[in-house]
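One structure is given here, and the rest of the page talks about it.
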Amino acid sequence: MIRKYILSTLFNILIVFVTASAQDSKKTITGEVITHTGTKADGANVFLHRSKDSVLIKTGITDANGTYVLGNISAGNYYLLVRLTGYEEMKISPVLVDQSKEELKLAVIRLSTPVANQLTEVVVTGRKSFVERRSDRVVVNPDALISNAGTTALEVLEKAPAVQVDPEGAISLRGRPGVVVFIDDKPTYMSQQDLTAYLRSLPSGDIESIEIMTNPPARYDAAGNSGVINIRLKKTKVRGLNGAINLGYGQGTYARRNNSMTLNYRINKLNFFTNLSHSINNTYQDLTLKRQYFSTGGSLQSSFTQRSFIKRMPRGFNYKAGVDYYANKNLTLGIVVTGVSNRNKEDIHNDAVIRNNNGDIVNTVAAHAPRNRSFDNIGTNLNLSYKLDGKSKLLTVNADYLKYRSGQHNTLLNTVYNPNQTIASRTNLVSDLPASIEITTAQIDYSQPFLKGNLEAGAKTSIIRTNNNALFYDEQSNGSLVMNNEFSNNFRYHENINAGYLTYSLDKKRFGFKLGLRFENTEIKGFQYGTPNKPDSSFTRTFNNLFPTMYLSYKLDTADQHVLNINFGRRINRPNYQDMNPFTYPLDRYTLYGGNPFLKPTFSYNTELSYTYKRNYTLSLQYSYVNDLIMETIEQRNNIFYSRPGNFGKQVSFSASLSGMIPIAKWWKLQLYTEVTRNKFTATLYQQNLLNEGTYVFVGPVNIFQLNPLWSAELGGNYQSSVYVGQFVTIPVGSVRAAVAKKVLKQKGTIRLSVNDFLYTNQPGGNIKGIENSTASWKSYLDTRVFTLSFSYRFNKGKSLSQRNTGSSDAERGRVGG
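The numbers in this note's numbering rise by one with no breaks, and the one at position 602 of the sequence shown is 939.
Listed below in structure tokens is the structure:
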């Protein structure tokens, strides 16, 4: 009853806002910037100032077509400043925004002759920064670094500030797990394994930007206790036929290829668009595990050392296609179909040695574990955008249906040898792990001017159904298969989330704020269908939560040279669907993985204070408190390691970061991001008290050289000290990369050559704390030294079009179990 009452109230408030009259209609300014030669000015900064007092009102940056859009502008008298590295600043005045016109399209701005510099015939063209900081997020632009060409989304994330990616592809933010990944404002609904495969198959050339948000606005689902990473894919926005082609070939120990194409065709009231990509990313992991077992008195009893060589051979095909229908100037309808088809083969060879307390060999174990995994999904989105008054009252509606199918066939052949190398035993465990997921979501959003500010409201519902089978068989000596009831099971999961939100924002000269409140009701049911060895079990849970968000901004001067920002938010991290599956299955003979049906959601409180100088240099301080943190836990029983997700306890984090672009010369810039974080984890884990705390440092400098209009180069790298997270402490890692690029074909094409980790130092490892009567450590060597040759080509012509968001799914995609 409480949930129905709250949702009814939210919908009624939404209706009131839809019917309310606007008190301050906002306008949009659009235009185009070109260089002195007539080419499109990509990455030019555009600043809109109020004429009477020179207060900065809005900033923007031109895209690859030289176009910019400045929205939410009140009627009045302004002037425009355009800045592009290597050119004189241009001022356009007056810019008169008329109350009677919804959009003001300015004439094309042609930059004057480039500024002379120390180098003869050297002209510096503008480019976006790799890292941009905004009031509520950090934006990463993959195209800003030459070394990103021909790579994948996961490799770009490894270079992103405050992001850590482990060898298995798990993503954390400032050493904190619980990150939710979105694609175009929609959650991926994938398990970690499937998400990793997708990000490894997504070419960086398809990515427009990556947004890192520790406190996303209330419009976003509250999922992700450490934050949200939103990957925005490219979509061309001009009339006629236009698009881009990206081809990439990489060579490490193994070869890899990443190719993609985007197309857009606008004719009359119809706009057709598509993205296609194909990838082959062969790689390996050379992993060594070491474990020691002790008596309760502390004396060494035995040891275990295992070396695993894992060759991964993923193949991925991604597609996105859609059409927008512009019925009239107020109404737009659209449909988008997206899909992923991944095939991944893994060939795993394990060699383990077990020794007694004297160091004598007790047994050796040779294991071969080939795996074949498939993952397919298709999603359909229907969307509507309608301006109720033809001006500033905007209503959007999205409906999504997604269907996922995955399968995995595993073989685990173990041969145990005696010290004299005679065979002691041989077993072969065969498994098939099919899974299916269906997700339906619907969302309505409304915004309008209100009390000299802007008011937003919305509601969303999502329904998720999953079905996971685990079929394990023991192979007999005659080749027949017998069902293994210890590991086999069938798990089904149902979830329904209903949500509503309100947001109000206001900018008054030098002070601005945005306040939001989101309500979410969650109902979940899990069904564990047993085997003769394991009885049926199920669980049902319901919880209601409020999630406030706050953003405050204050300009210390009228020229916008000194700006303070404060933001705060409360977030939730719901258990991954598969993590609540209670069954256990073997990763190898001495390591088992199991789910945990008793997981509780994680709640976090995040606060950030930042100071920005001259819209470039930013000093940021962050604090985070997390309760019931969900993460991997390790327990040792009878010399077997059990890995399962658990509510770890509490985490407290303090962090400070500094970022900015430092101009060293007119042809040389240094982009720097550095961070210091103190993490403290406390928990009672398997009847043991655990404290894991420490400070880690990250430094990521990138030197960008614009040698002339056609040639550019890059030299960068990063260093990360030990990271403390949960039971784990990682060793320091670092890498150095270099790249060079040349524009060809009348600057419509670019050839790039790069090498990543050429010193071969980005090799992770670490140790595990808090295991009863045991110690454990690991060390990996990965295929990280890669030479990449890429070619990209853009073709376009026509007028710029506005772009709008589509998709109602904002948080479930990152939680699919596979």
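C-beta atoms are modelled at their ideal positions from N, C-alpha and C, and glycine is treated no differently.
Beta-carbon to beta-carbon, Gln629 and Ser640 are separated by about 5 Å, close enough to satisfy the 8 Å threshold.
An exposed status is given to Gly634, since fewer than 16 other beta-carbon atoms sit within 10 Å of its beta-carbon. Beta-bridge partners assigned by DSSP to Val699: none are found. Look at the beta carbons and you see the stretch 849 to 857 not touching the stretch 808 to 822: under three pairs across the two are nearer than 8 Å. In this chain, the alpha helix (DSSP H) harbouring Lys496 covers 490 to 496. Contact annotation: Asn402 and Glu439 have beta-carbon atoms that are not nearer than 9 Å.
Here the stretch 935 to 951 makes no contact with the stretch 972 to 979; the two share fewer than three CB pairs at distances below 8 Å.
Taking the Cα positions, Ser509 is about 30 Å away from Val674. Here the alpha carbons of Met968 and Gln638 stand approximately 29 Å from one another.
The alpha-carbon separation between Thr1125 and Leu1090 amounts to approximately 6 Å. If you draw a straight line from the Cα of Leu936 to the Cα of Pro912, it is about 7 Å long. In the DSSP assignment, the residues bridged to Ala993 are Leu958, Val1013.
Straight-line measurement puts the Cα of Val383 at about 9 Å from the Cα of Leu421.
Our two residues, Val1123 and Val1013, have alpha carbons roughly 29 Å apart in a direct line.
For a cut-off of 8 Å, the C-beta gap from Trp1048 to Leu626 is around 47 Å, too long to register as a contact. Gln1008 carries a strand assignment under DSSP once its states are collapsed to helix, strand and coil.
For Ile371, same chain residues with a beta-carbon under 8 Å away, outside a window of 5 residues either side, are Lys377, Ala378, Gly403, Val445, Ile446, Arg447, Leu448 in chain order. Assigned with DSSP and collapsed to three states, Gly795 falls in strand. Counting of Cβ neighbours within 10 angstroms places Asn755 among the exposed residues, the total staying below 16. DSSP places Asp925 in no alpha helix (DSSP H) but in the uninterrupted beta strand (DSSP E) bounded by 921 to 925.
Taking a contact to require three or more Cβ pairs closer than 8 Å, the stretch 559 to 568 and the stretch 506 to 520 qualify as touching. Rounded to whole angstroms, Val1070 and Gln1057 show a C-alpha spacing of 5 Å. DSSP links Lys740 through a beta bridge to Ile715, Glu775. Ranked by how close their Cα comes to the Cα of Gly413, the residues Ile366, Arg1074, Ser994, Glu548 have Ile366 in first place. Residue nearest to Pro651 within the set Val989, Arg829, Asn679 is Asn679 (criterion: CA-CA distance). Between the C-alpha atoms of Pro934 and Thr879 there is a straight-line separation of about 14 Å.
Taking C-alpha positions only, His746 is separated from Asp531 by approximately 15 Å. Looking at Val900, Thr921, Gly816, the one whose alpha-carbon comes closest to that of Gln865 is Thr921. Annotation: Leu600 to Pro479 spans about 20 Å, alpha carbon to alpha carbon. When beta bridges are read from the DSSP output, Phe864 appears opposite Arg829, Ser875. For Gln530, the enclosing alpha helix (DSSP H) starts and ends at 529 to 538. In this structure, the beta-carbon distance from Ile909 to Phe884 falls below 9 Å. DSSP assignment within the stretch 1062 to 1092 yields the following whole beta strand (DSSP E) runs of 3 residues or more, N-terminal first: 1065 to 1067, 1070 to 1081. A distance of 9 Å or more separates the beta carbons of Asn1093 and Thr1067. DSSP places Val419 inside the beta strand (DSSP E), whose first and last residues are 413 to 420. DSSP places Ala481 within a helical segment (H, G or I) once states are collapsed to three.
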